[in-house]
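Right, one structure below, let's go through it.
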Amino acid sequence: MLPRSIAAFAGAVALLGAGLALTPSAARADGSTLYVNNSATSNCSDSAADAGSQARPYCSLQTAVDAAQPGDTVMVVRGVFGPLDVKTSGTASAPLTITTSKVHTQINTPQSGSGPALTFDHVHDVAVHGFSIWANAQTVVAVEGSSDVTLDGDTVEGASSGTLVGIDGKSSAVTLSRDNIGANRGEDGVDIASGAGGTVITGSKFVYANNTPVNAAGVPGTVVVGNTFTDDGGCNTAISLTGASAGSTIENNAFFLGAPGGCATYGTSTPVVVSSGSTGGTTYDYNVFESESDGALYSWGGHTYATAADLQAATGQGKHELYVAVAAGATSLDITPFIDSADADAPDELSTDIDGKSRVDDPLVADTGTGVGYYDRGAVEYQDPYRLAPAVSIRKGPAPLSETITADETNPWKTRITRYTFDFGDGSDPAVSATPSVTHTYATIGPYTVTVTATTAAGSSIAGSEKAYVTVAADAPLVPALSLSQAYPYSSLTVRADATKTTDDWSIADYSVDYGDGTPAADLGTSGSGGHTYPEPGTYTATLTVKDDGGNTATTTQQVTVGSALVPFGPTRILDTRNGTGAAKAKVGPGAVLRLKVAGVKGVPGTGVTAVTLNLAGVNASTSTVITAYPDGTTRPTASNLNLVPGQVTPNLVTVPVSPGGYIDLYNHSGSVDLVGDVEGYYSTTAAVTSGGTGFVQESGPTRVLDTRNGTGTVKGKAGPGGLVTLTLPADGYSNASAVLLNVTETHASASSWVGLEPGSGDVPTSSVLNFTAGQTSANLVVAPVSNGRVQFYNRNGSVDLIADVEGYVVSDLSTSPDAPGSPYFPISPTRALDTRNGTGAAQGTLGAKSKLSVKVAGAGGVPAGVQAVLVNLTGVKPTTSTWLSAYADGSALPGSSTLNLAADATRANLALVPVGSDGSIDIYNNSGSVNVVADIEGYYIG
Numbered sequence: 004m005l006p007r008s009i010a011a012f013a014g015a016v017a018l019l020g021a022g023l024a025l026t027p028s029a030a031r032a033d034g035s036t037l038y039v040n041n042s043a044t045s046n047c048s049d050s051a052a053d054a055g056s057q058a059r060p061y062c063s064l065q066t067a068v069d070a071a072q073p074g075d076t077v078m079v080v081r082g083v084f085g086p087l088d089v090k091t092s093g094t095a096s097a098p099l100t101i102t103t104s105k106v107h108t109q110i111n112t113p114q115s116g117s118g119p120a121l122t123f124d125h126v127h128d129v130a131v132h133g134f135s136i137w138a139n140a141q142t143v144v145a146v147e148g149s150s151d152v153t154l155d156g157d158t159v160e161g162a163s164s165g166t167l168v169g170i171d172g173k174s175s176a177v178t179l180s181r182d183n184i185g186a187n188r189g190e191d192g193v194d195i196a197s198g199a200g201g202t203v204i205t206g207s208k209f210v211y212a213n214n215t216p217v218n219a220a221g222v223p224g225t226v227v228v229g230n231t232f233t234d235d236g237g238c239n240t241a242i243s244l245t246g247a248s249a250g251s252t253i254e255n256n257a258f259f260l261g262a263p264g265g266c267a268t269y270g271t272s273t274p275v276v277v278s279s280g281s282t283g284g285t286t287y288d289y290n291v292f293e294s295e296s297d298g299a300l301y302s303w304g305g306h307t308y309a310t311a312a313d314l315q316a317a318t319g320q321g322k323h324e325l326y327v328a329v330a331a332g333a334t335s336l337d338i339t340p341f342i343d344s345a346d347a348d349a350p351d352e353l354s355t356d357i358d359g360k361s362r363v364d365d366p367l368v369a370d371t372g373t374g375v376g377y378y379d380r381g382a383v384e385y386q387d388p389y390r391l392a393p394a395v396s397i398r399k400g401p402a403p404l405s406e407t408i409t410a411d412e413t414n415p416w417k418t419r420i421t422r423y424t425f426d427f428g429d430g431s432d433p434a435v436s437a438t439p440s441v442t443h444t445y446a447t448i449g450p451y452t453v454t455v456t457a458t459t460a461a462g463s464s465i466a467g468s469e470k471a472y473v474t475v476a477a478d479a480p481l482v483p484a485l486s487l488s489q490a491y492p493y494s495s496l497t498v499r500a501d502a503t504k505t506t507d508d509w510s511i512a513d514y515s516v517d518y519g520d521g522t523p524a525a526d527l528g529t530s531g532s533g534g535h536t537y538p539e540p541g542t543y544t545a546t547l548t549v550k551d552d553g554g555n556t557a558t559t560t561q562q563v564t565v566g567s568a569l570v571p572f573g574p575t576r577i578l579d580t581r582n583g584t585g586a587a588k589a590k591v592g593p594g595a596v597l598r599l600k601v602a603g604v605k606g607v608p609g610t611g612v613t614a615v616t617l618n619l620a621g622v623n624a625s626t627s628t629v630i631t632a633y634p635d636g637t638t639r640p641t642a643s644n645l646n647l648v649p650g651q652v653t654p655n656l657v658t659v660p661v662s663p664g665g666y667i668d669l670y671n672h673s674g675s676v677d678l679v680g681d682v683e684g685y686y687s688t689t690a691a692v693t694s695g696g697t698g699f700v701q702e703s704g705p706t707r708v709l710d711t712r713n714g715t716g717t718v719k720g721k722a723g724p725g726g727l728v729t730l731t732l733p734a735d736g737y738s739n740a741s742a743v744l745l746n747v748t749e750t751h752a753s754a755s756s757w758v759g760l761e762p763g764s765g766d767v768p769t770s771s772v773l774n775f776t777a778g779q780t781s782a783n784l785v786v787a788p789v790s791n792g793r794v795q796f797y798n799r800n801g802s803v804d805l806i807a808d809v810e811g812y813v814v815s816d817l818s819t820s821p822d823a824p825g826s827p828y829f830p831i832s833p834t835r836a837l838d839t840r841n842g843t844g845a846a847q848g849t850l851g852a853k854s855k856l857s858v859k860v861a862g863a864g865g866v867p868a869g870v871q872a873v874l875v876n877l878t879g880v881k882p883t884t885s886t887w888l889s890a891y892a893d894g895s896a897l898p899g900s901s902t903l904n905l906a907a908d909a910t911r912a913n914l915a916l917v918p919v920g921s922d923g924s925i926d927i928y929n930n931s932g933s934v935n936v937v938a939d940i941e942g943y944y945i946g
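Residue numbers for the sequence shown follow my numbering, so the first one is 4 and each next one is one higher.
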């Protein structure tokens, strides 16, 4: 049986629902409805003669309530309102109803305000329905000296540590029904003071943490029936009846206890507490608990009981209690025990649930409840899961298009459907069918939306949960299209296939791709997209096959190149023969080979590494010599990487293929020398692109970004001893770079010194990228990690000018660089492409001043046609005067930067990333005197 206040409220809402369709009337002409709307377009007024009518609603909710009389309905159409103090009462037969339309409407106490958002102020026979009520106050809803008042279908929240709903000891017959009560930590849900009586809490949801949702202290006759309690904090009391709260009822409630993991024990804080003064005449039964916890559930009469069986044995209560154990980490709950198992005759149990849905009998679950036997426990009545949606046989096709449209159904209850109504969306009459399938022909080009509605044997109408879409297109051929791009964040051998730009007048029935590596063709279904990982680097031809719903088939091919991605790393020292790091503590002798382990050393992965980028330095050479770096287990090439003279420390960046075993070899030609190696990066086929800065190198040609001589990229002025030079990269070119490949040149050094990359910690770098003597001008390629758009250099001794030219950068986020995603790398054993001393790659003879020569690099020496750039170890041999060389793409202008700086009669090398011209060539320019030039290719970028 409904409480008197709820029954009266339900009748008022039913009358209002019938009256809403009437034409607007003056405020008091119908004697029952006052309208409130304070939205910007409402034309509202609190003082006009017709204030409160639909045409001119009240602006203020408080004004409307103050003007109301018993039997009136205050209808809030839209708005956000300040605190409401209800001082107008209704009568038992003519209650005052304050309600809303379906639009979300708020009653708030502003952040800067104080006091409740809603107060029932010594009134009776008043119902408030459908509001969102919020306050930053000790009490959000206050019931003071009131009786027969109802809070129904409201959401109550707060931001304090007090209580959401406070009922004082002078109030009685207060009902909370179908409400959502969301309490913060330390904030009670409903506090009922001693002396109050006849409080009913039914069909509501409570979410709580470290607080008590229902707390009745000395309140006889309290009814807590059919609610759902969700404990987000764990180990909290949900219902507490203390003092003299005898003659109460706790039935049909559902408790979801604790965050994942629950709690080991509730101790004295059990979910349900009924004190010794509250047990007399109190009924406790038909509740259900779901929890991961093994803690005690009940405190009854001062005694704790772990289980319902224990409670029943000792007190006779809880004969129909249920406990459902939840597995640790479970992501879904078993609601079957809740269904059709409640006591339908429990006092104040509602005939509809929190959402207003009627009670229904689940035919798949046995009726174990009392009364009609099929009420569900908790605030939710689980409904017939019948679902349907329209499905079309062809999503797209040319006119006239004949369609078969079917109602796809989910019907575990086997609900009997008597007819289906299909609306084709083209203006034709809906089709009514006793079967779930009809045909229809679309005659006109255009898009159409299809809906379906089912009618049950009981006469209920169920609309489809989704819609279907049909496009009738103009005649057009099937033109397949396929693009293959790097899939991130996956390895550099993984591509994403996209065929969605295929065009056709029919919908596509299937896409499939043969990726050209011998694996079976991949079926992409109708999505047109998928991914594939190639077994090894290379260039592959993929074939797309497309079939449409008109029976047509077409194919197209697309080439894709996959290779290695660069992982910026360190610099990290893995070799120093001066102290035994990575090899024996001894110089490398004449004709000796040092076998250096790279993969699996000091953070370099043990697998997937195809090449290592190493800053290799020769120290303490006893005579002039050359060092050659090459993959272990292969024949030593004629190329060289380092050219050394006694008394100098000479570095050069090398990129060397790594053997399957993870080694590289370093060969010394003459005399003895110490070797030092610092890893600045490695190339990988397994590292995830965009993870940790991993990416493809985008060549950019030499671009000057730093020159301390004129303040380019930094403050003008030399770097002093122990000084830092901060390079700020141009944001418009390198915003997505995780690292840059810089040709770093020093000049005007006042003392012998070295330059390192400052690690960002403020410590002195543990490795160098450039070593030089006073008065020397020298350069070295550096892989420099970028942090917040900056690179920092540290100078050890004296003062020196630093110059840096970007030759490429690592694209760390492919989504931000669709037009310049970089290219995969293919390492090769160093291959000589040019030696003017013997006519390799060009005419024999020195390169003169202000002269250039072109070197064909693509299509020869293991480098395929179509490469974007090459890594070239460029060596100048004994120039007749101090000079500099510049390497750049054939067909482009001479850049304003140097690649290699040479003193007269010196021999020196420098690694360079050089873009390749459209004819497959690179150019090398000499500025002064004459010089022999040698170029060795260490790898290439393509794709």
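Where is the CB? At the ideal position from N, CA and C, for every residue including glycine.
Keep in mind that this is a model prediction, so the values were computed, not measured.
From what residue to what residue does the beta strand (DSSP E) around residue i run?
i	result
V786	S781 to P788
T409	L404 to T413
Y308	H306 to Y308
Using three-state DSSP, classify residue i as helix, strand or coil.
i	result
F796	strand
T202	coil
S150	strand
D517	strand
A54	coil
F341	helix
T66	helix
Have a look at residue i and residue j and give me their C-alpha separation to the nearest angstrom.
i	j	result
G192	K504	56 Å
A249	V329	33 Å
Q489	L496	8 Å
I577	T715	34 Å
F796	E295	57 Å
S857	V482	43 Å
V870	S924	10 Å
T610	D766	31 Å
L805	L730	10 Å
K144	G169	Note on identity: in this sequence residue 144 is Val, with Lys being the wrong assignment. Taking the straight line joining both Cα atoms gives about 6 Å.
For residue i, count neighbouring Cβ atoms within 10 angstroms of its own Cβ and tell me buried if that reaches 16, exposed if not.
i	result
Q847	exposed
Q562	exposed
G665	buried
P634	buried
Y874	In the sequence on display, residue 874 carries Leu and not Tyr. So L874 counts as buried.
N836	Looking at the sequence provided, one finds Ala at residue 836 rather than Asn. With 16 or more Cβ atoms within 10 Å of its Cβ, A836 is classed as buried.
D75	buried
V936	buried
G34	The predicted position of G34 is uncertain, since its pLDDT is 49 and thus under 50; a value taken from the coordinates is nonetheless stated next. Exposed.
V455	buried
P98	buried
A446	exposed
What are the boundary residues of the alpha helix (DSSP H) that includes residue i?
i	result
L314	A311 to T318
Y211	Careful: Y211 lies outside any alpha helix (DSSP H), inside the beta strand (DSSP E) at K208 to Y211.
Y737	A734 to Y737
Who does residue i pair with in a DSSP beta bridge?
i	result
Y812	Q701 and V743
W303	V277 and H306
N929	S854 and L888
A807	L709 and V747
K600	Y666
For chain D, is any of its Cβ atoms less than 8 Å away from the one on residue i?
i	result
G467	No chain D is part of this structure, which consists of one protein chain only.
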